[in-house]
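K.L.:
Going by the numbering used here, 217 is the number at position 187 of the sequence shown; the sequence numbering is gapless.
Cβ coordinates follow ideal geometry from the N, Cα and C atoms, glycine included.
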Amino acid sequence: MKFDDSDEDYFLHDFSRKDRQSEEDQRHSPTPDPSDPATRPAAPSFDFSDGGSDSLRTAEAGETRRKRGHGWLWFFLVVAVVLAAAVTIRYFVPYVTESRVIGYVTLVEKRGIVFPTFEGEMVSESQLADTTRIYSRDLSFSIPDDDLALRLQQYQGTGRPVTVTFKRYYGTLPWRGASNTVAVDFMPAEKQR
31 MKFDDSDEDY
41 FLHDFSRKDR
51 QSEEDQRHSP
61 TPDPSDPATR
71 PAAPSFDFSD
81 GGSDSLRTAE
91 AGETRRKRGH
101 GWLWFFLVVA
111 VVLAAAVTIR
121 YFVPYVTESR
131 VIGYVTLVEK
141 RGIVFPTFEG
151 EMVSESQLAD
161 TTRIYSRDLS
171 FSIPDDDLAL
181 RLQQYQGTGR
191 PVTVTFKRYY
201 GTLPWRGASN
211 TVAVDFMPAE
221 KQR
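Structure representation (structure tokens):
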């Protein structure tokens, strides 16, 4: 059999003897004239109506869309709850409460431009009493209460020890101060003894 390059479906045909005869018959028959309406093949007509199944299909599609919408709603709701819990734990729930440190207040000053807060530093009495280790650092803390800061400022540089009660948070908030250690109360150390 000869390869016919003009036949587009050459590789799609089954080359059995029966097909070869029908192909030869089609080649020898005259080609219809597309401009002649009598020889033009009839255009296929499509009927897409299923007699009421369109409403069923539409209802199923709407239900599927609603289910998909509810899935996204639940997803975003769960993400929002997890995000709110993480932010609450990080910034609003202290991981250390009622921590007390006895020491000497070295600095209390107001810092900040947009949210000015009082910041303080003190030297821990235990660090001064330890003679084997070299003095390491001051304890820095924020004081969100202005009244507490002004009372604590009176002990700055006096050499009188005070007991400061702290809360520690995982993160800082600008209106709470620059440190994650926040002073909530203090009392002079002499009153405890």
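1. Nearest-angstrom Cα distance between V29 and W104?
2. For the candidate residues G187, P124, P174 and F216, whose alpha-carbon lies nearest to that of W205?
3. Around the C-beta of F196, are 16 or more other C-beta atoms found within 10 angstroms, so that it is buried, or is it exposed?
4. Whose C-beta lies closer than 6 Å to the C-beta of V214 among residues of the same chain, with five residues either side of it excluded?
5. In angstroms with no decimal places, state the Cα-to-Cα distance between G142 and S172.
6. Beta-carbon separation of V153 and T136 under 7 Å?
7. To the nearest angstrom, report how far apart A114 and T147 are at their CA atoms.
8. Taking Cβ positions, are E151 and S129 nearer each other than 7 Å?
9. Taking the beta carbon of F106 as the centre, do at least 16 other beta carbons fall within 10 Å, making it buried, or is it exposed?
10. Locate the beta strand (DSSP E) running through L137, then write down its first and last residues.
11. Go ahead and pull the three-state DSSP assignment for L169.
12. List the DSSP bridge partners of F122.
13. If you draw a straight line from the C-alpha of V112 to the C-alpha of P218, how long is it?
P.N.:
Taking the coordinates as given:
1. This structure leaves residue 29 out entirely; the chain is present only between 31 and 223.
2. P174
3. buried
4. T195 and K197
5. One Cα belongs to G142, the other to S172, and the distance between them is close to 12 Å.
6. yes
7. Cα-Cα distance, rounded: 26 Å.
8. Result no, Cβ atoms of E151 and S129 do not sit closer than 7 Å.
9. exposed
10. V126 to R141
11. strand
12. According to DSSP, which records beta bridges pairwise, F122 is partnered with nothing at all.
13. 43 Å
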